[in-house]
Structures are given as structure tokens and as C-alpha cells.
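Here the sequence shown stands for residues 1129 to 1548, numbered as in our numbering.
A virtual CB, placed ideally from N, CA and C, is assigned to each residue, including glycine.
Take a look at the structure below.
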Amino acid sequence: MVEPLVFFGKLLFSALLGGLVGIEREFNRKLKLNIPIGVRTMVFICVFGTLSVLLSELVNTSFIILIGLAGIIAFSALSYYARFKEHGEKGLTTYTSALIIYLTGLLVGFDEFLIAVIISVMTATVLSARTELHRLAKVISRKELRATILFAIIALVILPLLPNKPVDPFGIFNPFQFWLIVVLLSAFSFLSYILLKVVKEGLVISGFIGGFLNSAVTILGLIEKVKEKPVLRRQAFNGILLSITASLASSLIVSLAITASLSIFIELLTPLLLSSLFILLLFFRDRVAVRDGRVDIKNPFTLLSALKMAVLIFLFLQGVYLLREFINPSLIYPTVAVGAMISSLAMIISVSSLYVAGELSPGLTVILVTLTSLVSVLNKVLFVKMGGDDLLYKRLWKPILLWGLVIGAYFVFRHFLPVH
């Protein structure tokens, strides 16, 4: 026998979840989008799902739940048919959401409150993002769609199959944990890429967003824009500065995500925050309008790029272990510096992973992440030089060199501190 208070509590909770989705549908109805099902209907459907569970428990049969499910399907099908005959509309979104809301009500009846909340919030979010999703569908290319499917395979098919234990002789390389990092970073790159596709704010903003995605490619793209239109040199300069700032911020985010260490995060804040503030000061000193063009990055994700990063991180992890155990531990510094010139992101991941594995102390981890960021930023100046725009290079190298000296001094000072 269900307690009356529990009974009414579940019904009220179902009504709130159904109302959340129903309010979103009601809002679109106000926009004259001809939404056939409003807030009251969604509330009733969700409550009906919860009642189906409660009644099935009273009579000790799940047949009532199936009858309720069949009833909602029939209701949605008849509503769709009537709407199609009257207005010729073919959209199934609202009718599908009605079925989802019924299932959400079932979850409430089975005491799966958290899952029910997640599903209802996700449903309301997807429904409210109609315009944005349609806009994204229009701008995405076939190559980008293939890249998205490939990423889904890597994240949802390959990752669960990997062993979650060290497989190398030294007990360092855990395939599941390593690939999980690659998947999360790829997802972060996807989000940045999608935002870059949607934003129409010019070189400066796209330079900042591109810095999270791939700062090296973004800077080369900015240089190409200057070659096409030299009048954009000032804007490209600002875009490069913000791209560098974004790459420093991403280093901090990645390190925190992997190490989960607040002490390391706070220590890294000092050099990286000072770096970002210095670069932002240069930007605000020479700020210009931002609606001046965009940087195009053609592909958000390829399997080859993921495999290259995987191999680089694996080799670095094994190399560091050999250096520390059999050769000379101090060689880790030039090793990290050279690795940062190839891929600063791979070095950040590797250093943070070594800390998690207990191979590096917190102090040494801070030093190596700082060194990686320093080399990465100085490397960006070389990219500008290689890009062939001497005026842009002359404008950039002096402030960046000054910045490098300051952070280098911090690095040396930090290096000679006793590591605890």
C-alpha cells in the first residue's frame, strides 16, 4: 500500500517535470509555431505515467503500464494524423516528446527521480534549441558530419572496450584512462569548433575561440587572412593575442581536469594568470572593432590526429620513466620543452597523467606545466615568422619576449625551490 504523502509527492513531482517541457511547448505556441500539445497536456501525460506505475503495483501486474504506453502512442498517432489532415504539417517533435514525458512519469513512479529530471531537462533543452539546431544543420558539411560520426565511434564504441588497467611493463599506461582523456579533449574541441561555426563576430572573437580548439592552426589562419587583406593586420594581431590567452586558459583547464588537484591549480594560476593578464593588456591597448572577417578551421576531428596524440603521449610517458629510472632525471626538462614544441596539449596531458600515477611531485608538475606553456607561447611567435608577415612578426615578438623573460624568471625561481 502506497503512503498518501508519497503518492501525492510523486504526482506533484511528475506534474513539475511535465510542466517544464509543457511550458517550453507553450512558449513556442505563443510564437505561432502551431504546437498542438501545451503545458496542461504534458502535465497530464507525465502524471498518467506515474499513475500507471502506482496502479500496476496495486494490482500486481505490469500490464497497466503497457496499456498506458499503447494509449500514449495511439493518442500521439491520432493527433499527428489530425494535424496533418488539417494543416499539412509533418513535424513529429511534439508527439515524440509526449512519449518521452510518459516514460519520464514511469521513472518517477519507479523512484528513479534523478534520471527523470535529467531526461526532462534534456528534452526541454533540445526542444528550445530548435532554431540553433536548424542553423547548425545548415552550416555543417558532409566532412564534418563524418568526423562527428567517427568521434562517436571512438567515444562510445572503442572506449568501453579498452582495459582499465596498466598494460605496459612499467605500470604507467592505462589504455582506458588515457583514451578517456583523448575523448574528453576531442569533445571540448568539438564544442569550440561548433561555437566557431555559429559565431559571426570576426577575426578577434574567432581567434579567441580557435585558441581553445587549436591555437597553432588559428594563428596560421589569421596570417592567411592578413595576406588576403593586409588592412586586417591590427585585427589579426589582436586575434593572435586572444588565441594565445585561450591556449593558456585551456592548459589550466586540462591540468585541473586530469590532476583534480586544487593546490596545483592554485599554483598554476600565478604564472598563467599573469601571462593572460599581460597579453590581454596588449590587446586592450590596441583594441579594434571585431566585425572584420573570420578564421576557418576545416575539420574539428580526425582519427589520424587522435592517433598521433596517443602515440606522442605514450612515447613521452615511457621516455620519462626511463629517464627517471635509468638515465638522468634532470633530462625531463629538455624532453618536455622539445615535446611542447611538437604539441603542448600532449605535454600537458602527459605531465598531468604522470602526477596522477605518482611519478611526479606537485611542485615538479607545476614547473613542467609552466615550462610547457612558456615554450608553447614562444613557439607561436615562430609560427608568425614562418607565416611570412614580417610586420606582424615585428609587432609581436618584443612584447612576447618580455613576457617570456618574466615567466622564465618565475620558472627558474620555482625550479630552485625545494620540492615537497
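Asked, Found
"May I ask you to verify whether the segment 1196-1208 touches the segment 1137-1157, counting CB pairs closer than 8 Å and requiring at least 3?", "no"
"How far does the alpha helix (DSSP H) with E1185 in it extend, from its first residue to its last?", "V1167 to V1187"
"Using a Cβ-Cβ cut-off of 7 Å (strictly less than) and excluding sequence neighbours within five positions of M1469, which residues of its own chain qualify?", "V1503 and N1507"
"Judging by CA-CA distance, which residue of T1169, I1347, L1133 and L1220 is the nearest neighbour of V1149?", "T1169"
"Could you say which of N1292, R1270, S1481 and L1496 lies nearest to T1463 if we only look at CA atoms?", "L1496"
"Given a threshold of 16 other Cβ atoms within 10 Å of its Cβ, counted over all protein chains shown, does D1517 qualify as buried or as exposed?", "buried"
"Compare the Cα-Cα distances from I1392 to each of G1339, S1472 and Y1483 and report the closest residue.", "Y1483"
"Kindly indicate the opening and closing residues of the alpha helix (DSSP H) around I1368.", "R1361 to T1387"
"Going along the chain, which residues of its own chain have a beta-carbon closer than 7 Å to the beta-carbon of L1183, five neighbours each way excluded?", "I1192"
"Below 7 Å CB to CB, which residues in the same chain sit around V1181 once its five sequence neighbours on both sides are set aside?", "I1193, L1234, G1237 and F1238"
"Counting beta carbon pairs with one atom in the segment 1237-1253 and one in the segment 1276-1285, are three or more of them shorter than 8 Å?", "no"
"Look up E1516 in the DSSP assignment and say whether it is helix, strand or coil.", "The amino acid occupying residue 1516 in the given sequence is Gly; Glu does not appear at that position. G1516 falls in the coil class under three-state DSSP."
"By the three-class DSSP mapping on this structure, what secondary structure does N1507 have?", "helix"
"Select from Y1223, L1376 and S1478 the residue whose C-alpha is nearest the C-alpha of P1209.", "Here residue 1209 is Tyr; the residue named in the question, Pro, does not match the sequence. Cα-wise, what sits closest to Y1209 is Y1223."
"Taking DSSP as the reference, what is the three-state secondary structure of K1355?", "helix"
"Quick one: Cα of S1383 to Cα of T1498, how far?", "11 Å"
"Exposed or buried, what is V1354 when buried is set at 16 or more other beta-carbons lying within 10 Å of its beta-carbon?", "buried"
"For the candidate residues A1226, I1347 and F1340, whose alpha-carbon lies nearest to that of M1514?", "I1347"
"Counting along the chain, where does the alpha helix (DSSP H) carrying V1466 start and finish?", "I1460 to I1470"
"Within the same chain, show all residues whose beta-carbon is closer than 8 Å to that of V1295, passing over the 5 residues directly before and after it, in chain order.", "F1301, N1302 and P1303"
"Could you work out which residue in I1477, W1525 and F1176 is closest to V1310 when comparing CA atoms only?", "I1477"
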